[in-house]
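Residue numbers (the working numbering): 248 to 406. Even for Gly, the Cβ is constructed at its ideal location relative to N, Cα and C. Here the structure is a predicted model, which is why all the values come from computation and not from measurement. One structure is given here, and the rest of the page talks about it.
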């Protein structure tokens, strides 16, 4: 192969690279020049807030960088968030000493499957139905809220 041919190709490739670089700069200048004006839309820290589109149905809240940094510094990212403890959903030994929740039947009328440890009987208790001093208040997937002898319990069901 001729060495002059290789040199011509490299010279051509260099010129094409320079041309593409200049076209990129020209496009960037044009893009910045043609964007909508920012008067009345910029925040105190220089972040631009564009109004949310009515058709997308998404509400957007724009906060300043200082507020965001404060929220980020206040939250420890490597520990789980604190869960608010519900006093009504405390699980004491009264219910668990006599009964064991075996499962949940989900559907239009959800039921809780409870085993009485003393009599070794399995009881199907429907929502808002009272049996053996136990009333099911609410049934969720993985959690039961019930009242037993006047005390409220929140019981998690593990798969």
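**OP:** Return yes when the Cβ of residue 402 is within less than 9 Å of the Cβ of residue 349, no when it is not.
**Re:** no
Subject >> Residue environment, residue 281, which counts as buried when at least 16 other CB atoms sit within 10 Å >> reply: exposed
Original post:
DSSP on residue 323, reduced to helix/strand/coil?
Top reply: coil
Original post:
When burial is assigned at 16 or more other CB atoms within 10 Å of the CB, is residue 396 buried or exposed?
Top reply: exposed
Original post:
Should residue 263 be flagged as near chain C, meaning a C-beta pair shorter than 9 Å?
Top reply: Absent from the structure is chain C; it holds one protein chain and no more.
Original post:
Mapping DSSP to helix, strand and coil, what is residue 356?
Top reply: DSSP places residue 356 in the coil class of the three-state scheme, outside both helix and strand.
**OP:** Below 8 Å on the Cβ atoms is my guess for residue 363 versus residue 346; work out the distance and round it to an integer in Å.
**Re:** 6 Å
Original post:
Which value, in whole angstroms, describes the spacing of the CA atoms of residue 385 and residue 355?
Top reply: Distance between the alpha carbons of residue 385 and residue 355 is about 13 Å.
Subject >> Whether residue 404 touches residue 351 by CB criterion (9 Å) >> reply: Against a cut-off of 9 Å, the Cβ pair of residue 351 and residue 404 comes out as a contact.
Original post:
With 16 as the cutoff for other CB atoms within 10 Å, does residue 359 come out buried or exposed?
Top reply: buried
**OP:** Verify whether the separation of the beta carbon atoms of residue 394 and residue 382 is less than 9 Å.
**Re:** yes
Subject >> Residue range of the unbroken alpha helix (DSSP H) whose run includes residue 271 >> reply: 250-281
Original post:
So, is residue 361 buried or exposed, given that buried needs 16 or more other C-beta atoms within 10 angstroms?
Top reply: buried
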